[in-house]
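Have a look at the structure below, then the notes.
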Amino acid sequence: MAGGCEVEGLIQPLAGPVRHLYVHVPYCHKICPYCSFYKHLPSEGSMGNYGHALLAEARLLKESRVPLALETVYFGGGTPTLLSLSALEELLVPLATLLDFSKVTEWTMEVNPRTITPPKAQLMRQAGVTRTSLGVQAWDKPTLHTLGRDHSPAEADEAFAILRAAGFPVVNLDLMFSVPGQSHQAWQDTLERSVGLRPDHVSAYNLTYEEDTEFFQRCQAGQYAVEEDRDEQCFASAMQILGEAGLEQYEISNYGRPGMESRHNQGYWAGDDYAGLGPGAVSTIHGQRFKNIENTTLWQQGAMSGKLLRIEAEEITASKWLCERLALSLRTRCGLPAAWLATVPEALARLTSEGLLQCQDNQVFLTHRGKFVADGVAAHLWEAMDDETG
Ligand code: SF4
Numbered sequence: 136m137a138g139g140c141e142v143e144g145l146i147q148p149l150a151g152p153v154r155h156l157y158v159h160v161p162y163c164h165k166i167c168p169y170c171s172f173y174k175h176l177p178s179e180g181s182m183g184n185y186g187h188a189l190l191a192e193a194r195l196l197k198e199s200r201v202p203l204a205l206e207t208v209y210f211g212g213g214t215p216t217l218l219s220l221s222a223l224e225e226l227l228v229p230l231a232t233l234l235d236f237s238k239v240t241e242w243t244m245e246v247n248p249r250t251i252t253p254p255k256a257q258l259m260r261q262a263g264v265t266r267t268s269l270g271v272q273a274w275d276k277p278t279l280h281t282l283g284r285d286h287s288p289a290e291a292d293e294a295f296a297i298l299r300a301a302g303f304p305v306v307n308l309d310l311m312f313s314v315p316g317q318s319h320q321a322w323q324d325t326l327e328r329s330v331g332l333r334p335d336h337v338s339a340y341n342l343t344y345e346e347d348t349e350f351f352q353r354c355q356a357g358q359y360a361v362e363e364d365r366d367e368q369c370f371a372s373a374m375q376i377l378g379e380a381g382l383e384q385y386e387i388s389n390y391g392r393p394g395m396e397s398r399h400n401q402g403y404w405a406g407d408d409y410a411g412l413g414p415g416a417v418s419t420i421h422g423q424r425f426k427n428i429e430n431t432t433l434w435q436q437g438a439m440s441g442k443l444l445r446i447e448a449e450e451i452t453a454s455k456w457l458c459e460r461l462a463l464s465l466r467t468r469c470g471l472p473a474a475w476l477a478t479v480p481e482a483l484a485r486l487t488s489e490g491l492l493q494c495q496d497n498q499v500f501l502t503h504r505g506k507f508v509a510d511g512v513a514a515h516l517w518e519a520m521d522d523e524t525g
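Just so it is clear: in the sequence shown, position 368 is 503 by our numbering, and no numbers are missing.
Below you can see the structure in the form of structure tokens.
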């Protein structure tokens, strides 16, 4: 896996086999008002046949000219664990056999506290899943209610125990801060209760108001508001409490015990190619990015009849690739190679003198202060590079 520290001097996409696979399961038993992913209730499409359609699309991928040498697999959604035990049984091992997961070292599945059971967890583990990501978000009822989550703190506790009992080598907790009505104290309590469980990894995201969500509309209507001071306070608490618990911040929103960082996400951040299966799934392969149709019924019909229905295709030029790397690599603890910024020494010097960037061993990193304005720093660097190249 290419990490941010291992790509020095590389300023264009890698060619070669695709090493990462994303599998999208769009079904959710309830829609959260902040969620912008492609998802829907089980009434759309045919959930009973969903796994068959995924296998059909996987066959098309295998028969295409795309070389595969998979190292990481990620099942996200939606809610992968909403699939029934028998549907998971018919999907996981057959997919692993079809696309050859024998070299896969990390296989993640997102887990919803309401839909995981001991038999499902055991089946996933036996099939080869190594990592689970539990969507806890918060440990207090008012915040869970605002987020529209229908699990209770006790159910999240129980789900965590199920995952531990099944023996997954890595269990991640997904958390969210700056939720409307969530006090700083409530967030600190969520962090403390999380570290009390001794998870291997925590993802702590600042809530964002994405277009096409109910939360965005409420924000537009003045019911909710972005509060930068609170964002910063909550982010600082996450860095402190998770860091003190031995979870190292290796990316702005991700904290892991040594050796338990997400290799799949590190692949995205490093600009590796990846293939996506399922409606709405994105693939980036050999300089081309495309997205499957966001309509489960049509996608299923297409996959079962041997057609891939794609709605967006985009060429990833070297310039676009570099822009993405700047934004994503800068968010990681490895930062980015100083050589990438050789054409913009003034911008680099200014951001360094402002205490936002530091340079060491030919890598450029965000400082502690810089982490609070990571996106702004990346945008500033990119603008300077863009001006330079005209
Ligand atoms: S946040 Fe997760 S559970 Fe909620 S609607 Fe989105 S994908 Fe479904």
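Using N, Cα and C, we set each Cβ at its ideal position, and we do this for glycine too.
Note that the structure is predicted; figures quoted are calculated from it, not measured.
Count the other CB atoms, across all protein chains shown, that sit within 10 Å of the CB of GLU447; report buried if there are 16 or more and exposed otherwise. With fewer than 16 other beta carbons inside 10 angstroms of its own, GLU447 counts as exposed.
Quick one: is the Cβ of PHE172 within less than 7 Å of any heavy atom of the ligand SF4? Result yes, Cβ under 7 Å from the ligand SF4.
Helix, strand or coil, according to DSSP, for VAL306 in the structure here? Note: VAL306 maps to strand in three-state DSSP.
Taking CYS369 as the reference, give the member of GLY331, GLY406, GLN317 with the closest Cα. Of the candidates GLY331, GLY406, GLN317, GLN317 places its Cα closest to the Cα of CYS369.
Ordered along the chain, which non-local residues of its own chain (more than five positions away) have a Cβ less than 6 Å from that of ALA380? So the list reads VAL330, once near-sequence residues are dropped.
Cutoff 6 Å; reference ILE297; Cβ partners in own chain excluding five residues on either side: Hits under 6 Å: ILE251, PRO253, ALA256.
Express the C-alpha separation of ALA222 and GLY183 in angstroms, rounding to a whole number. If you take the alpha carbons of GLY183 and ALA222, they lie about 7 Å apart.
For PRO277, which three-state DSSP category applies? In this structure, PRO277 counts as helix in the three-state DSSP scheme.
Suppose you measure from the CA of SER338 to the CA of ALA289; what does that come to, to the nearest Å? Cα-Cα distance, rounded: 20 Å.
Based on Cα-Cα distance, which residue from ASP364, GLN355, ARG284, LEU269 lies nearest to SER313? Of ASP364, GLN355, ARG284, LEU269, the residue nearest in Cα terms is ASP364.
Helix, strand or coil: which one does DSSP assign to PRO472? PRO472 sits in a strand when the DSSP states are folded into three classes.
Between THR467 and the rest of its own chain, which residues show a CB-CB distance below 7 Å, the 5 nearest in sequence each way excluded? Apart from the 5 residues on each side of it in sequence, THR467 sits with its Cβ closer than 7 Å to the Cβ of GLY139, TYR385, GLU386, TRP404 in its chain, given in chain order.
Measuring from the CB of GLY212, is there a heavy atom of the ligand SF4 at a distance below 7 Å? Indeed, a heavy atom of the ligand SF4 lies less than 7 Å from the Cβ.
Name the residue from PRO168, MET311, TYR185 whose alpha carbon lies nearest to the alpha carbon of THR216. Selected option, being the one with the closest Cα: TYR185.
Taking C-beta to C-beta, are HIS155 and THR240 nearer than 8 Å? Their beta carbons are not under 8 Å apart, which means HIS155 does not touch THR240 by this criterion.
In angstroms with no decimal places, state the Cα-to-Cα distance between MET311 and GLN272. If you take the alpha carbons of MET311 and GLN272, they lie about 5 Å apart.
Taking only three categories from DSSP, how would you classify LEU269? Strand, per DSSP.
Where DSSP assigns a beta bridge to HIS175, which residues make up the other side? Beta-bridge partners assigned by DSSP to HIS175: TYR162.
Looking only at DSSP bridge pairs, what is LYS426 linked to? In the DSSP output, where bridge partners are listed per residue, LYS426 has VAL417, GLU447.
Quick test of the definition: if touching needs 3 or more C-beta pairs under 8 Å, does the region 189-208 touch the region 453-463? Because the criterion of three Cβ pairs below 8 Å is not met, the region 189-208 and the region 453-463 do not touch.
Hey, which unbroken runs of the beta strand (DSSP E) at 3 residues or more fall wholly within the region 310-345? 336-341, all fully within the region 310-345.
Around the C-beta of LEU220, are 16 or more other C-beta atoms found within 10 angstroms, so that it is buried, or is it exposed? Under a 10 Å Cβ-count criterion, LEU220 is classified as exposed, with fewer than 16 other Cβ atoms of the shown protein chains found around its own Cβ.
Run through the DSSP bridge pairs and tell me what PHE210 is partnered with. When beta bridges are read from the DSSP output, PHE210 appears opposite VAL158, MET244.
How many Å lie between ARG460 and GLU481 at the Cα? Their backbone Cα atoms lie some 20 Å apart in a straight line.
Given a cut-off of 8 Å on the beta-carbon distance, is the pair MET395 and ASP309 in contact? The answer is no: Cβ separation not under 8 Å.
Under 7 Å from any heavy atom of the ligand SF4, does the C-beta of ILE251 make it? Of the heavy atoms belonging to the ligand SF4, none sits nearer than 7 Å to the Cβ of ILE251.
ASN247: CB within 7 Å of a non-hydrogen atom of the ligand SF4: Yes, the ligand SF4 has a heavy atom inside 7 Å of this Cβ.
If we count the other Cβ atoms within 10 Å of its Cβ and call it buried at 16 or more, is THR478 buried or exposed? With fewer than 16 other Cβ atoms within 10 Å, it is exposed.
Does the beta carbon of ILE166 fall short of 7 Å from some heavy atom of the ligand SF4? For the ligand SF4, at least one heavy atom lies less than 7 Å from the Cβ of ILE166.
Indicate the three-state DSSP secondary structure (helix, strand or coil) for GLY378 in the structure shown. GLY378: helix per DSSP, three-state reduction.
Where are the beta strand (DSSP E) runs, 3 residues long or more, that stay fully inside the region 479-516, in chain order? Listed in chain order, they are 492-495, 498-501.
Alpha-carbon spacing of VAL508 relative to TYR390, whole angstroms: Their Cα atoms are separated by approximately 18 Å.
By the DSSP assignment, the beta strand (DSSP E) with ALA405 in it spans what residues? Unbroken run through ALA405 is the alpha helix (DSSP H), 398-405; no beta strand (DSSP E).
Mind checking whether the beta-carbon of GLY270 lies closer than 7 Å to any heavy atom of the ligand FMN? Because the ligand FMN does not appear in the structure shown, any question about it cannot be addressed here, the ligands present being the ligand SF4.
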